[in-house]
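As given, the protein sequences belong to chains C and D, one line each in that order. All residue numbers for the first sequence refer to our numbering, where the first residue is 54 and numbers rise by one. All residue numbers for the second sequence refer to our numbering, where the first residue is 177 and numbers rise by one. The C-beta atom is built at its ideal place from N, Cα and C for all residues, glycine as well. The next block holds one structure in the form of structure tokens; read it before the comments.
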Amino acid sequence: MYSGETTVLDAPAAVEPALPKFVLRRRRKSRSALGWLTIAFFLLVTVLPLLWVLRTALTPPAQIYSSPESLTPPTVTDDNFERVLGLMTTEEAVAASGTAAQLDFPSALKNSFIVVTLITVAMVSFSSMAAYAFARLSFPLRNAIFYLFVGALLVPPIVTLIPNFVLMRDLGWINTYAGIVAPHFLMTPFAVFFLRQFFLTLPSELEEAARLDGAGRIRTFASIIVPLSVGPIATLATLTFVTEWNDFLWPFIVGQGEGTRTLTVALGVFRSSTPQGAPDWGGLMGGSLLSAVPILIVFMFAARRMINALTYTGLK
Amino acid sequence: MALVAHARVDGVGRRWLASWGTREAGAAWLFMLPALVGLFVFHILPLWRAVGYTFTDFDLFSDPTNVGLDNYSRLFSDDQFLRAIRLTATYVVINVPVQVGIALGLAAILDKVTASILVRAVLILPFLISNVVAGLVWLWILDPAIGIVNHFLDLVGVGSQAFLGSETQAIPTIAFINVWRHLGFSTLLLVAGIATIDRALYEAAKVDGASEWQQFRRVTVPMLRPVLLFVTVTSVVGSLQIFDTIAVTTEGGPGGATRVFMWYIYELAFKRFDFGYATTLAVALFVIAAIVSVLQFRVFGRDNRA
Numbered sequence: 054m055y056s057g058e059t060t061v062l063d064a065p066a067a068v069e070p071a072l073p074k075f076v077l078r079r080r081r082k083s084r085s086a087l088g089w090l091t092i093a094f095f096l097l098v099t100v101l102p103l104l105w106v107l108r109t110a111l112t113p114p115a116q117i118y119s120s121p122e123s124l125t126p127p128t129v130t131d132d133n134f135e136r137v138l139g140l141m142t143t144e145e146a147v148a149a150s151g152t153a154a155q156l157d158f159p160s161a162l163k164n165s166f167i168v169v170t171l172i173t174v175a176m177v178s179f180s181s182m183a184a185y186a187f188a189r190l191s192f193p194l195r196n197a198i199f200y201l202f203v204g205a206l207l208v209p210p211i212v213t214l215i216p217n218f219v220l221m222r223d224l225g226w227i228n229t230y231a232g233i234v235a236p237h238f239l240m241t242p243f244a245v246f247f248l249r250q251f252f253l254t255l256p257s258e259l260e261e262a263a264r265l266d267g268a269g270r271i272r273t274f275a276s277i278i279v280p281l282s283v284g285p286i287a288t289l290a291t292l293t294f295v296t297e298w299n300d301f302l303w304p305f306i307v308g309q310g311e312g313t314r315t316l317t318v319a320l321g322v323f324r325s326s327t328p329q330g331a332p333d334w335g336g337l338m339g340g341s342l343l344s345a346v347p348i349l350i351v352f353m354f355a356a357r358r359m360i361n362a363l364t365y366t367g368l369k
Numbered sequence: 177m178a179l180v181a182h183a184r185v186d187g188v189g190r191r192w193l194a195s196w197g198t199r200e201a202g203a204a205w206l207f208m209l210p211a212l213v214g215l216f217v218f219h220i221l222p223l224w225r226a227v228g229y230t231f232t233d234f235d236l237f238s239d240p241t242n243v244g245l246d247n248y249s250r251l252f253s254d255d256q257f258l259r260a261i262r263l264t265a266t267y268v269v270i271n272v273p274v275q276v277g278i279a280l281g282l283a284a285i286l287d288k289v290t291a292s293i294l295v296r297a298v299l300i301l302p303f304l305i306s307n308v309v310a311g312l313v314w315l316w317i318l319d320p321a322i323g324i325v326n327h328f329l330d331l332v333g334v335g336s337q338a339f340l341g342s343e344t345q346a347i348p349t350i351a352f353i354n355v356w357r358h359l360g361f362s363t364l365l366l367v368a369g370i371a372t373i374d375r376a377l378y379e380a381a382k383v384d385g386a387s388e389w390q391q392f393r394r395v396t397v398p399m400l401r402p403v404l405l406f407v408t409v410t411s412v413v414g415s416l417q418i419f420d421t422i423a424v425t426t427e428g429g430p431g432g433a434t435r436v437f438m439w440y441i442y443e444l445a446f447k448r449f450d451f452g453y454a455t456t457l458a459v460a461l462f463v464i465a466a467i468v469s470v471l472q473f474r475v476f477g478r479d480n481r482a
């Protein structure tokens with residue numbers, strides 16, 4: 054492109070003129086081989102620790118220190134899982150793990166399911182209603198109110214954590230499901246923002262047609278908008294499920310009591326209640342793995358959707 | 177003249193007032209009601225109360241007592257606070273550049289080599305498990321006495337490391353755990369960003385004889401600036417609030433070596449019941465996060481406006 058003689062069409066040849074085609078091809082191949090090598094390295098770094106956790110969970114606690122060079126357990130056992138799932142008597146469990154501190158996995162699992170389901174269903178419903186109002190209805194102060202939601206998105210949760218904790222205490226909601234669920238139950242600013250952006254892209258003709266047929270706002274929302282938005286709403290629900298499932302700080306502070314511990318809290322408490330340096334690693338790793346299973350199941354069914362949604366949130 | 181203006185204002189005002197009473201506005205308020213209650217009760221009100229707490233001494237068991245600006249002056253003489261800032265800053269300075277740097281390289285490679293959804297799914301796996309589980313996993317793997325990593329370090333003659341049990345290694349180790357958990361996510365954000373770059377730019381660069389490194393340096397990185405800025409700002413703001421990993425691994429130790437900002441706030445509030453001062457620190461964290469974010473937009477966003 055610099056010299057007058059070379060045109061765009063024959064320029065690629067001019068870049069590497071001396072090299073025959075097969076050399077170029079091989080060079081490209083070796084370059085992508087190097088790329089694959091790098092990718093393989095990071096895949097290993099990602100996966101190996103998780104495989105090691107699986108191995109630990111499948112190894113009898115007594116053999117946990119033996120033959121560490123091998124990724125397969127010296128003896129395969131489901132004792133750790135049985136213990137964590139409460140399928141053993143207390144005496145058996147103490148004998149197997151060498152510690153009296155036990156992880157009450159079934160109760161924590163139940164708590165996590167209740168809390169996360171309540172939040173996901175309520176929050177996605179209420180947020181989509183608000184998002185619809187912001188995207189489609191006209192009312193005074195619409196933008197000002199919407200900016201309040203965006204502003205709330207920018208405040209780090211730690212700032213509101215202590216006053217919210219005090220509020221829960223005043224309401225007597227410490228160690229209740231209500232207390233754990235409350236702050237996210239009615240909406241999260243992100244959910245409102247996410248759905249509003251989507252609703253804005255919907256064509257308004259269908260709604261107008263429905264209104265001409267005499268449908269009210271509520272019917273229009275329920276019978277036109279929601280069915281058109283099943284994809285993004287499902288995406289938001291999936292993201293919410295995963296985020297809330299993994300949430301730690303708030304349930305740790307408000308719901309640490311034995312009856313309301315979610316999985317993350319139960320794992321954290323279990324770990325800090327075991328003697329320094331000698332936790333029940335088999336149980337801890339078994340519990341950790343099991344706690345991630347629901348997420349992995351969701352991910353298996355919605356991998357592409359979740360990856361797209363996660364990256365969308367970043368590009369928006 | 178004045179009369180006309182008055183009439184016009186009056187008309188606008190009346191129309192504005194009337195807009196509150198339309199059926200559409202009524203429906204809107206109904207639709208927004210739950211979310212508005214949520215916004216007010218769990219965001220606006222607590223923000224207001226938080227600022228109020230910073231002027232009080234409050235132990236949760238008795239009513240807050242007014243102490244004026246004491247909490248703020250205490251900030252500047254509190255060695256623990258200064259140490260928490262230093263530790264948090266160290267953590268951010270290790271965590272963010274390493275994470276964003278590796279993610280950028282890996283994203284450029286992924287974009288060139290493969291579009292496999294399986295590779296992407298595996299890379300994002302750690303991001304889907306909780307911070308708590310990620311912390312526990314590495315606590316076990318990096319155990320000073322019996323962890324598998326130390327076993328191999330012994331084997332190759334490097335010798336065992338204390339990792340999370342060492343005052344100097346604890347923060348870098350926490351940063352590493354966080355990089356492990358977030359690398360895939362950052363990478364996929366950047367891959368999505370690269371995918372939006374106009375391919376013609378690369379063709380033009382190739383025609384000009386640019387090497388792959390030059391294409392990366394002169395096309396990918398500049399075009400990716402907005403996404404890079406987003407990834408950097410969000411990971412800085414997120415890193416300033418590191419808590420979960422520390423709660424399940426070091427609990428602020430050893431010897432306070434991981435008593436980062438959030439852990440210090442947690443200790444002040446929920447172990448020492450010093451809620452007034454803890455809230456002051458939380459507000460300080462908010463201010464610091466805001467300043468750091470604005471600075472990043474200023475520094476890295478500069479070329480965008482030009």
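Taking a C-beta distance under 7 angstroms as the contact criterion, F218/D and P236/C qualify as a contact pair. Here A161/C is near L316/C, since their CB atoms are less than 7 angstroms apart. Apart from sequence neighbours up to five positions away, the residues of its chain that approach D233/D with a beta-carbon distance below 6 angstroms are T241, V243 and G452, ordered along the chain. Using a C-beta cut-off of 8 angstroms, the stretch 167–184 of chain C makes contact with the stretch 202–215 of chain D, since at least three inter-stretch Cβ pairs fall below that distance. When the Cα atoms are used, L299/D and A93/C turn out to be separated by approximately 10 angstroms. Close CB contacts of T456/D within its chain, under the 6 angstroms cut and outside five residues either way in sequence, are with T230 and N247 (chain order). The beta carbon of L289/C sits closer than 7 angstroms to those of V177, A244, F247 and L248, all from its chain and outside the five residues before and after it, given in chain order. For the stretch 112–143 of chain C, there is no continuous beta strand (DSSP E) assignment of 3+ residues that stays within its boundaries. Under the three-state reduction of DSSP, T421/D is assigned to helix. For T254/C, the uninterrupted alpha helix (DSSP H) segment begins and ends at P242 to T254. Within the stretch 283–301 of chain C, V295, W298, N299, D300 and F301 place their CB atoms closer than 9 angstroms to a CB of chain D, listed in sequence order. Taking C-alpha positions only, T173/C is separated from V412/D by approximately 28 angstroms.
Annotated as distal: A279/D and S415/D, with beta-carbon spacing of 7 angstroms or more. Nearest CB-CB separation between H327/D and chain C: below the 7 angstroms threshold. Closer than 7 angstroms to the CB of V307/C there is not a single CB belonging to chain D. V395/D and T372/D have their C-alpha atoms roughly 12 angstroms apart.
Residue environment analysis places L101/C among the exposed positions, since fewer than 16 neighbouring C-beta atoms fall within 10 angstroms of its C-beta.
Of all residues in the stretch 397–426 of chain D, the ones placed with a Cβ closer than 9 angstroms to any Cβ belonging to chain C are P402, V403, F406, V407, T410, V413, L416, Q417, F419, D420, A423, V424 and T425, in chain order. Counting C-beta pairs closer than 8 angstroms gives fewer than three between the stretch 263–274 of chain D and the stretch 248–259 of chain C, which falls short of the contact rule.
Taking the C-beta atoms as reference points, E297/C is found nearer than 7 angstroms to V169/C. When DSSP states are grouped into helix, strand and coil, D233/D belongs to the strand group. When only Cα atoms are considered, R195/C and V203/C end up about 13 angstroms apart. Distance from the CA atom of R357/C to the CA atom of V283/C, rounded to whole angstroms, is 16 angstroms. Under the Cβ distance rule, G214/D counts among the residues neighbouring chain C, one pair being separated by less than 7 angstroms. Between W334/C and T109/C, the C-beta gap is smaller than 7 angstroms, which places the two residues in contact.
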